[in-house]
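Numbering (the working numbering), first residue to last: 720 to 908. The beta carbon of each residue, even a glycine, is placed where N, CA and C say it ideally should be. Please read the structure below before turning to the comments.
So, in C-alpha coordinates, the structure goes:
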(Lines of atoms letter the chains of each structure in order from A and count residues from 1; the text may use other names and numbers.)
(Lines give C-alpha, C1' and ligand atoms only; values in the text may rest on other atoms or scores of the structure.)
Protein backbone atom coordinates (compact mmCIF):
# COMPACT_ATOMS: atom_id res chain seq x y z
CA UNK A 1 0.00 0.00 0.00
CA UNK A 2 1.26 3.40 -0.91
CA UNK A 3 1.71 6.02 1.74
CA UNK A 4 0.70 9.29 0.28
CA UNK A 5 1.06 12.62 2.05
CA UNK A 6 -2.74 12.76 2.41
CA UNK A 7 -2.80 9.38 4.14
CA UNK A 8 0.02 10.49 6.51
CA UNK A 9 -1.93 13.67 7.44
CA UNK A 10 -5.07 11.64 8.16
CA UNK A 11 -3.08 9.20 10.30
CA UNK A 12 -1.37 12.00 12.27
CA UNK A 13 -4.71 13.85 12.66
CA UNK A 14 -6.40 10.70 14.04
CA UNK A 15 -3.55 10.16 16.52
CA UNK A 16 -3.78 13.79 17.68
CA UNK A 17 -7.54 13.48 18.11
CA UNK A 18 -7.08 10.36 20.26
CA UNK A 19 -4.45 12.11 22.41
CA UNK A 20 -6.69 15.17 22.79
CA UNK A 21 -9.71 13.03 23.71
CA UNK A 22 -7.68 11.11 26.30
CA UNK A 23 -6.30 14.34 27.81
CA UNK A 24 -9.76 15.90 28.13
CA UNK A 25 -11.35 12.78 29.63
CA UNK A 26 -8.56 12.29 32.18
CA UNK A 27 -8.75 15.94 33.25
CA UNK A 28 -12.49 15.58 33.81
CA UNK A 29 -12.00 12.43 35.87
CA UNK A 30 -10.20 14.24 38.70
CA UNK A 31 -11.99 13.76 42.02
CA UNK A 32 -14.09 16.76 43.06
CA UNK A 33 -12.72 16.68 46.58
CA UNK A 34 -9.29 17.60 45.23
CA UNK A 35 -10.77 21.08 44.89
CA UNK A 36 -11.69 22.03 48.45
CA UNK A 37 -13.19 25.48 48.18
CA UNK A 38 -13.50 27.21 51.54
CA UNK A 39 -15.60 30.29 52.27
CA UNK A 40 -15.62 32.16 55.59
CA UNK A 41 -18.49 34.48 56.56
CA UNK A 42 -18.28 36.66 59.65
CA UNK A 43 -20.86 39.02 61.12
CA UNK A 44 -23.55 39.89 63.65
CA UNK A 45 -27.12 38.62 63.59
CA UNK A 46 -30.04 40.12 65.53
CA UNK A 47 -32.16 37.81 67.67
CA UNK A 48 -35.13 37.94 69.99
CA UNK A 49 -36.97 35.47 72.16
CA UNK A 50 -38.30 34.70 75.59
CA UNK A 51 -37.86 32.04 78.24
CA UNK A 52 -39.83 31.08 81.32
CA UNK A 53 -37.88 30.66 84.55
CA UNK A 54 -39.93 28.51 86.93
CA UNK A 55 -37.73 29.15 89.97
CA UNK A 56 -38.41 32.87 89.82
CA UNK A 57 -41.84 32.47 88.19
CA UNK A 58 -40.83 35.04 85.60
CA UNK A 59 -40.91 35.56 81.87
CA UNK A 60 -37.52 36.61 80.56
CA UNK A 61 -37.29 38.51 77.27
CA UNK A 62 -34.00 38.61 75.39
CA UNK A 63 -32.97 40.61 72.35
CA UNK A 64 -29.65 41.69 70.98
CA UNK A 65 -26.88 40.66 68.63
CA UNK A 66 -24.98 37.39 68.37
CA UNK A 67 -21.63 37.12 66.56
CA UNK A 68 -21.33 34.21 64.13
CA UNK A 69 -18.46 32.92 62.01
CA UNK A 70 -19.22 30.20 59.45
CA UNK A 71 -16.67 28.23 57.47
CA UNK A 72 -18.20 26.50 54.45
CA UNK A 73 -16.02 23.81 52.89
CA UNK A 74 -16.63 21.42 50.03
CA UNK A 75 -15.56 17.98 51.29
CA UNK A 76 -16.58 15.95 48.23
CA UNK A 77 -18.41 16.36 44.95
CA UNK A 78 -21.72 15.73 46.73
CA UNK A 79 -21.25 17.04 50.28
CA UNK A 80 -20.25 20.20 52.11
CA UNK A 81 -19.39 20.93 55.73
CA UNK A 82 -20.26 24.07 57.66
CA UNK A 83 -18.32 24.87 60.82
CA UNK A 84 -20.07 27.40 63.03
CA UNK A 85 -18.62 29.45 65.89
CA UNK A 86 -21.02 31.56 67.92
CA UNK A 87 -20.25 34.17 70.57
CA UNK A 88 -22.94 35.84 72.66
CA UNK A 89 -21.21 38.57 74.68
CA UNK A 90 -23.26 39.80 77.66
CA UNK A 91 -22.81 43.41 76.50
CA UNK A 92 -24.72 42.72 73.26
CA UNK A 93 -27.86 41.32 74.96
CA UNK A 94 -30.72 43.19 76.61
CA UNK A 95 -32.65 41.14 79.16
CA UNK A 96 -35.95 42.26 80.68
CA UNK A 97 -38.27 40.40 83.04
CA UNK A 98 -41.76 40.89 84.36
CA UNK A 99 -40.39 40.69 87.93
CA UNK A 100 -37.64 43.26 87.47
CA UNK A 101 -34.97 40.75 88.52
CA UNK A 102 -31.73 41.51 86.60
CA UNK A 103 -30.24 38.77 84.39
CA UNK A 104 -27.14 38.42 82.24
CA UNK A 105 -27.10 36.22 79.09
CA UNK A 106 -23.85 35.04 77.52
CA UNK A 107 -21.99 32.07 76.07
CA UNK A 108 -19.79 30.68 73.34
CA UNK A 109 -20.19 27.49 71.32
CA UNK A 110 -19.21 25.81 68.08
CA UNK A 111 -20.80 23.16 65.90
CA UNK A 112 -20.34 21.42 62.55
CA UNK A 113 -22.93 20.25 60.03
CA UNK A 114 -22.53 18.04 56.96
CA UNK A 115 -25.12 18.39 54.20
CA UNK A 116 -25.55 17.07 50.66
CA UNK A 117 -25.13 19.41 47.69
CA UNK A 118 -26.11 16.91 45.00
CA UNK A 119 -28.43 16.54 43.13
CA UNK A 120 -29.50 20.09 44.02
CA UNK A 121 -27.83 22.68 46.21
CA UNK A 122 -30.09 23.21 49.24
CA UNK A 123 -32.26 26.32 48.96
CA UNK A 124 -33.97 25.79 52.31
CA UNK A 125 -32.19 27.15 55.38
CA UNK A 126 -29.83 24.81 57.20
CA UNK A 127 -31.13 24.55 60.79
CA UNK A 128 -28.51 24.37 63.52
CA UNK A 129 -29.28 24.43 67.23
CA UNK A 130 -26.36 25.72 69.25
CA UNK A 131 -26.67 25.01 73.01
CA UNK A 132 -24.46 26.14 75.90
CA UNK A 133 -25.69 29.64 76.54
CA UNK A 134 -26.45 30.70 80.10
CA UNK A 135 -28.88 33.11 81.60
CA UNK A 136 -27.98 33.93 85.17
CA UNK A 137 -29.26 36.24 87.86
CA UNK A 138 -27.04 39.31 87.99
CA UNK A 139 -26.70 39.80 91.73
CA UNK A 140 -23.50 41.92 91.75
CA UNK A 141 -24.44 43.13 95.22
CA UNK A 142 -27.76 44.53 94.01
CA UNK A 143 -29.88 41.65 95.31
CA UNK A 144 -29.54 39.78 98.60
CA UNK A 145 -28.37 36.14 98.48
CA UNK A 146 -30.46 33.02 99.15
CA UNK A 147 -33.26 32.49 100.05
CA UNK A 148 -34.29 35.57 98.01
CA UNK A 149 -32.32 34.47 94.96
CA UNK A 150 -33.41 31.19 93.40
CA UNK A 151 -31.43 28.14 94.60
CA UNK A 152 -29.87 27.80 91.15
CA UNK A 153 -29.82 31.22 89.49
CA UNK A 154 -28.59 29.83 86.14
CA UNK A 155 -30.89 28.85 83.28
CA UNK A 156 -29.42 27.23 80.15
CA UNK A 157 -30.85 28.06 76.73
CA UNK A 158 -30.00 27.58 73.09
CA UNK A 159 -29.96 29.57 69.90
CA UNK A 160 -31.56 28.10 66.79
CA UNK A 161 -30.02 29.30 63.55
CA UNK A 162 -31.70 28.96 60.15
CA UNK A 163 -28.74 29.68 57.88
CA UNK A 164 -29.02 30.42 54.16
CA UNK A 165 -25.93 30.03 51.99
CA UNK A 166 -25.44 30.79 48.31
CA UNK A 167 -23.93 28.18 45.97
CA UNK A 168 -20.41 29.50 46.69
CA UNK A 169 -20.86 28.99 50.45
CA UNK A 170 -21.32 32.64 51.44
CA UNK A 171 -23.72 33.13 54.36
CA UNK A 172 -26.65 35.39 53.48
CA UNK A 173 -27.07 37.41 56.70
CA UNK A 174 -30.27 39.07 55.43
CA UNK A 175 -32.04 35.76 54.74
CA UNK A 176 -30.70 33.91 57.82
CA UNK A 177 -32.43 34.05 61.20
CA UNK A 178 -31.71 33.18 64.83
CA UNK A 179 -34.05 32.74 67.78
CA UNK A 180 -33.86 31.87 71.46
CA UNK A 181 -35.10 28.37 72.38
CA UNK A 182 -35.68 26.33 75.53
CA UNK A 183 -33.44 23.27 75.75
CA UNK A 184 -35.57 20.15 76.29
CA UNK A 185 -34.79 18.14 79.40
CA UNK A 186 -32.53 20.72 81.02
CA UNK A 187 -35.19 22.61 82.93
CA UNK A 188 -34.28 25.54 85.12
CA UNK A 189 -30.77 25.75 86.47
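C-alpha distance - residue i paired with residue j, whole-angstrom precision
{"i": "residue 903", "j": "residue 886", "result": "33 Å"}
{"i": "residue 793", "j": "residue 780", "result": "38 Å"}
{"i": "residue 850", "j": "residue 874", "result": "12 Å"}
{"i": "residue 843", "j": "residue 883", "result": "7 Å"}
{"i": "residue 768", "j": "residue 853", "result": "14 Å"}
{"i": "residue 888", "j": "residue 896", "result": "17 Å"}
{"i": "residue 811", "j": "residue 823", "result": "10 Å"}
{"i": "residue 836", "j": "residue 820", "result": "47 Å"}
{"i": "residue 776", "j": "residue 879", "result": "24 Å"}
{"i": "residue 778", "j": "residue 817", "result": "6 Å"}
{"i": "residue 894", "j": "residue 783", "result": "17 Å"}
{"i": "residue 705", "j": "residue 813", "result": "Lying before the first or after the last residue shown, residue 705 is absent from the chain, which here runs from 720 to 908."}
{"i": "residue 881", "j": "residue 845", "result": "5 Å"}
Close Cβ partners of residue i (< 6 Å) along its chain, the five nearest in sequence each way excluded
{"i": "residue 786", "result": "763 and 806"}
{"i": "residue 900", "result": "877 and 879"}
{"i": "residue 759", "result": "790"}
{"i": "residue 804", "result": "788 and 829"}
For residue j and residue i, believed in contact at Cβ under 8 Å, the rounded distance
{"i": "residue 789", "j": "residue 890", "result": "5 Å"}
{"i": "residue 847", "j": "residue 832", "result": "6 Å"}
Cβ neighbours of residue i in the same chain (closer than 7 Å, five flanking residues each side left out)
{"i": "residue 826", "result": "807, 851, 852 and 853"}
Neighbourhood of residue i by C-beta, 8 Å cutoff - its chain only, sequence neighbours within 5 removed
{"i": "residue 857", "result": "821, 822 and 823"}
{"i": "residue 898", "result": "766, 767, 768, 878 and 879"}
DSSP beta-bridge partners of residue i
{"i": "residue 849", "result": "878"}
Any contact of the stretch 767-775 with the stretch 799-812, i.e. 3+ C-beta pairs under 8 Å? The stretch 799-812 and the stretch 767-775 do not touch, with fewer than three beta-carbon pairs separated by less than 8 Å.
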